[in-house]
Each structure stands twice: as C-alpha cells, then as structure tokens.
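Protein sequences, first through last, are from chains A and B. For the first sequence, the working numbering puts the final residue at 558, and the numbers step up evenly by one. For the second sequence, the working numbering puts the final residue at 558, and the numbers step up evenly by one.
There are 2 protein chains.
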Amino acid sequence: MAKKLLLDGHDVYIIDNLSTGFKENIPSKATFIFGDCSKKETIDQLDNIYFDAIFHIAGQSSGEISFEDPLYDIDCNTISTLLLLQYAVRTNCPRVVYASTMSVYGDNEKQVVSELDIPNPKSFYAVGKLASENYLKIFNQVYGINYTILRYFNIYGPGQNMNNMKQGMASIFLKQLLSKDYSSVTIKGSIQRFRDFIFIEDLVKITIDALDCDLMKNQILNVGTGVKTTIAHLLDLLMQYSGIEKSLKIEGNTLGDQFGIYADNSKLRGCIDYHFTPIERGIELFVKSQM
Amino acid sequence: MAKKLLLDGHDVYIIDNLSTGFKENIPSKATFIFGDCSKKETIDQLDNIYFDAIFHIAGQSSGEISFEDPLYDIDCNTISTLLLLQYAVRTNCPRVVYASTMSVYGDNEKQVVSELDIPNPKSFYAVGKLASENYLKIFNQVYGINYTILRYFNIYGPGQNMNNMKQGMASIFLKQLLSKDYSSVTIKGSIQRFRDFIFIEDLVKITIDALDCDLMKNQILNVGTGVKTTIAHLLDLLMQYSGIEKSLKIEGNTLGDQFGIYADNSKLRGCIDYHFTPIERGIELFVKSQM
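Structure representation (structure tokens):
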C-alpha cells in the first residue's frame, strides 16, 4: 500500500507496532511512527496534522489468536478505530478506508455471502471488526466523515509473514512445505473447507481505488474474487508450483474457524471494473517469491 | 430484580458502581459488592464462587451519554461482558441472561422490528451492546455457556432515577412536570417520535422467567409490548395522571437518537404467556409513586 501510494505522489505516514510486520518492508520515503494505534500516545505523535485520508489497516488479524486474549483484541481492533476516527474529527480528515473482514459473516448456509446478509461473527476478532464498522457508520452520520468499509476475504501473496503460524492459510501451508523443519503439512480442520483467496496486489489496488471512487463512498463492500477454493485445491497448487510434496496431517479445527464462505462481489464490480488474479497465477507468484 | 429473586428464595449477589442507582435500593439480604464490572479487581471480589446464573444488567445505558466518552462506553458495556463471561467459564456457571437493547436496531423503515432484522446501531451505546451479544454467542459455541439475550425496549416505572436528565424518557418528562425548578417540559426532538414503553414490573418478571424457560435458552428476544406510543401521547398521560400541565419546549434531537421503532414480540409470546401492563396503567402507577 505504502509503496504504491508513494509512487502515485502521495505523502505517506505509517503507524505500526511491528507485531507481525518488519521494519525493512517500510519504504524509506514514508514517515514511520513506531507504536500502537490503540494507544492515545501513539496517535498524539501525529501532531494533529491534516491527512486527506486515513487507511485503517492496523489490527490483530487472526481469529485463532483472538481467543487467547479477547481483551487485547478489543484494544487492537476496536479502540484503535475509535481513536483514529476521533483524530479524523479533530483534524477535519474527510475520508477513512477501513480493512474489515469476511469473518463478520461467520458461517452461512448459502456459502456465498453478500453485504445484505446478517453478520454472525464466530471469533472475538470478527466481533471487534464488526463493532468498528458500526463506529464508522456513526461517525459518518454524526460528524460527516466519509468511510469505505472493505470486507477482505482471504489475502495471500508476497510480503506475507512466513513465520507467523497462526495467520494466513496460504503462508502457513507454504512455510511447512518449504521449510526442512516440517516433515509434513498440518491442516487444522477439514481439507474440504473452502475460502475465497484474494491476491495481495489486487487488494492493494482496490483499497487505493476506494479513495477516489464515489460509488464506494459510505459503503460496505465485499472484497473477494467470487471464486470458491477448497483447502485441498490450495494445497495441490502449492505443491505443484513449489515442486515439493509432503504428506498431510489433519488435526482438529481451530476455535471460531469458519467452514467456508465466498464473496458475492457484484457490489464491488458495480463500482470498479476489475479483473482478479486467478488463484493459479497468484499462488505461482507467491511460491516463486519464497524460493 | 434482586427483591424478587430473594423472595423466590435465591441467594443474590449484586455488583454496582452506583453511578446511576442508590444504595438504599439494595435489599439488605443481598450481598453487595461496590465496584465496576469492567474492572478485573471487582470481579475478583466474587472469589470464584459458583452461581447458578449471572444476570448482566450493568452498564452505561444512555445513548446520549455514550457520545461524550465512547471509550468509557466500551469499557462499561463490552469489557464488562467479557469479564463476566470469563468468570462464568472459570466457575462453571451454566447460564447468563443479558440486558441488551432495542437500540441495536437503529431506525428501520418498517417501524416494527423483529429479531430477524439486521442490526444498525446509531449510538456507541448500541454498538457496545451488539458486540456483547456477539460475545455471548461465541461463549456459547465455544464454552457451552447458555445465554438469553433480551432486547429491552423503553423501560419506565417506580425506582427509576428521577435526577438523571439524560436517561429514561418517561422519568425525564415526569421530573420536569413535578419539579418546581422547571417552568416547562423540554422535548429533544419531535413529539411525533415514538417508543415501545415497557413497565418495570413486566420487565423484571420476564427477565427472571428467562432463567427457567427452555424456549428462551440461547435465543435473542425482543422485550417490548408491541404497542407504539408517541411522545405526544406519553406527555398527555403524564399530565393527566399528575394533574399538572406545563407548556412544551421542543429542541433539536440528541445525537444518535432513533425516530421510532416498536417490538415485534411474537417470539417472546411464543415462549411465555404474558399480559403486558397497558401504558395507561403503568404511567398511573409511576406518577403515583412520585407524588
């Protein structure tokens, strides 16, 4: 995101506590503030300067981890949103783009979910994200701050943290395939579960496009490809492009895990004309970036 | 609630920070812990003893006040739920009854709302209550704690704090009618707004009945009368039963105020056979209790 925004000629400020990311990924031209968006002291370091927009992408993004410390999760994913929205009010920032999640839907009998479906979060992570969505709507109604809520489906691709074994299905499997430390690949839950995998570059482009797209203003949008991919198929692709085969070890589900949903993305496609990277191509690029 | 539970032969523990209530209202037979349910130190005072059930009715319950300090509101209405649910897990408490609110619906074109409608909270208060509902569902799925979520509509009646001018529509108006400090009655927003007013005794009975009603287990239920009452009619009744007439002063809406919804209570009536106190009778009893 930061790289692309800088290329487009923007000034970029980044706040990150580096809990899952790495300092070397931060472009040198960006102003970097080390800290936690859920702490007032961190937000105060912005010195109330004016921004054209705030992308709120910070947060603890693992449903599994959210069960270890639900209170920490509220801090990361809900208090941070409040503090950034209060900053926006204080500094007349007109625009906030928010990284929400397909997790707010929980499981749904229909499998394919649209923005009109009732959210039914199954993890603390998803509860916090949904609360943040509601804060954004209130700050719009009361203070006029324009939002776009993007419900990201499963993100994968180059740049993903390969050492975080609780976050990112594709990266977790790829790590186990590539690393000599693993003799097999452990799957938590059925390989018939499925996801809607979206390539990081598609996500970056759509997120930045949201800034200037009037149709996306004050809307909630599914950001997924609309394609259902089973875990079994994902594993096939990872093995095919890496040329490495390992046996599978199936374990029990992680807490709050969804069996599977994929995106009805017709609302998004009504806003922007976009062709998603097919999973075959995306996984190829991802695997190559790691070998 | 406490009085009735004691009469029924239960042992009762009460936690209250007395931010809106009064110590003299607490029955002497109940064990009283002064403190805030959103603080671990308070919950720790319960010494991990076993309870058959927890009624979580604590919280900051004014939508208007929630705009003054949204962070405090998360503490009161969301963190408190997490801490009490964690207590329930730790002590094997099988049952939690939660006081939620009609505010989670926000405004709805249909005016009459059912549990199948998509929540659309308009205040921070409502966002926190909705997040708590979601926590209850997760604790049921993951830890097996049985919940009942009661979405209370507008509560009124004897015992209401008559000096809190930001909470409780009926009590706010009645106070202004009865007190010599007010020469007129101030209404914040149109008198054509409407509410579904439920008498405190009805609410207490339904909340306690929820404990033993299997049909209400792990359900969300509207707790309202199903009758729509305009602010204008409420004022008529208050003046009629108090015998006092004052002029009305109409001001702007408070932040996040709903125009009006009332309960589709068919789900509740499918669980228990109950006749609600008509508003005329309830207001009569309420006014008499204050004169």
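Positions of the beta carbon are idealized from the N, C-alpha and C atoms, including for glycine.
Going by beta carbons, Leu-350 (chain A) and Ile-310 (chain A) fall inside the 8 Å limit. Lys-455 (chain B) and Asn-520 (chain B) do touch by the CB rule: their CB atoms are close to 6 Å apart, below 8 Å.
Between Asn-413 (chain B) and Arg-362 (chain B), the C-beta gap is smaller than 8 Å, which places the two residues in contact. When B:Lys-495, B:Gln-378, B:Leu-338 are compared, the shortest CA-CA separation from Ile-546 (chain B) is found for B:Lys-495. For the segment 376 to 389 of chain B, the residues whose beta carbon sits under 7 Å from a beta carbon of chain A are, in order, Ile-385, Pro-388, Lys-389.
In this structure, the alpha-carbon of Ile-422 (chain B) lies about 16 Å from that of Ala-393 (chain B).
As the crow flies, the alpha-carbon of Lys-290 (chain B) is around 59 Å from that of Asp-469 (chain A).
Ranked by Cα distance from Arg-462 (chain B), the options B:Leu-273, B:Gly-373, B:His-277, B:Pro-294 are led by B:Gly-373.
What Ala-297 (chain B) touches in chain A, judged by beta-carbon distance under 8 Å, is nothing: the nearest beta carbon there is about 29 Å away. For the C-beta of Thr-345 (chain B), the chain A residues within less than 7 Å are, from N- to C-terminus, Ile-341.
Burial state of Gln-378 (chain B) is exposed, judged by a 10 Å Cβ sphere holding fewer than 16 other Cβ atoms.
Under the three-state reduction of DSSP, Arg-462 (chain B) is assigned to strand.
Near chain B, meaning a CB-to-CB distance below 9 Å, the residues of the segment 505 to 538 of chain A are Leu-522, Gly-523. Counting the other Cβ atoms within 10 Å of the Cβ of Thr-474 (chain A) gives 16 or more, which makes it buried. Cβ neighbours of Tyr-317 (chain A) within its own chain (closer than 6 Å, five residues either side excluded): Thr-358. Contact between the segment 269 to 283 of chain B and the segment 546 to 555 of chain A is absent: fewer than 3 CB-CB pairs across the two stretches fall below 8 Å.
The C-beta distance from Ile-405 (chain A) to Ala-366 (chain A) rounds to 18 Å, too long to fall under 8 Å, and the pair is not in contact. Pairing Met-268 (chain A) with Ala-477 (chain A), the inter-Cα distance amounts to about 12 Å. Runs of beta strand (DSSP E) with 3 or more residues, each lying fully within the segment 343 to 412 of chain B, are found at 362 to 368, listed in chain order. In terms of beta-carbon proximity, Ile-412 (chain B) stays away from the interface with chain A, with every pair separated by 8 Å or more. Per DSSP, the beta-bridge partners of Lys-516 (chain A) are A:Thr-453. Around Phe-391 (chain A), the beta-carbon contacts reaching into chain B at under 9 Å are Leu-349, Asn-401, Tyr-402, Ile-405. Under the three-state reduction of DSSP output, Ile-324 (chain A) falls in the coil class, being neither helix nor strand. Per DSSP, the beta-bridge partners of Gln-486 (chain B) are B:Thr-415. Secondary structure of Thr-474 (chain B) (DSSP, three-state): helix. A check of alpha carbon separations from Ser-295 (chain B) across B:Leu-272, B:Thr-287, B:Met-483, B:Ser-370 identifies B:Leu-272 as the nearest. The bridge partners DSSP lists for Asp-283 (chain A) are A:Phe-301.
The beta carbon of Gln-408 (chain B) sits closer than 8 Å to some beta carbon of chain A. DSSP, reduced to helix, strand and coil, places Thr-309 (chain B) within a helical segment of the structure shown. Residue burial annotation: Thr-348 (chain A) is buried, with at least 16 other C-beta atoms found within 10 angstroms of its C-beta.
Inter-residue distance for Phe-391 (chain A) and Phe-334 (chain A) is about 7 Å (C-alpha atoms, whole angstroms). Interface flag for Leu-338 (chain A) against chain B is set, since a Cβ pair is found closer than 8 Å. Secondary structure of Asn-315 (chain A) (DSSP, three-state): coil.
In this structure, DSSP gives Tyr-423 (chain B) an extended state, which the three-state scheme calls strand. Per DSSP, reduced to three states, the secondary structure at Tyr-541 (chain A) is coil, with no helix or strand assignment. A direct Cα-to-Cα measurement between Ala-530 (chain B) and Asp-342 (chain B) gives close to 28 Å.
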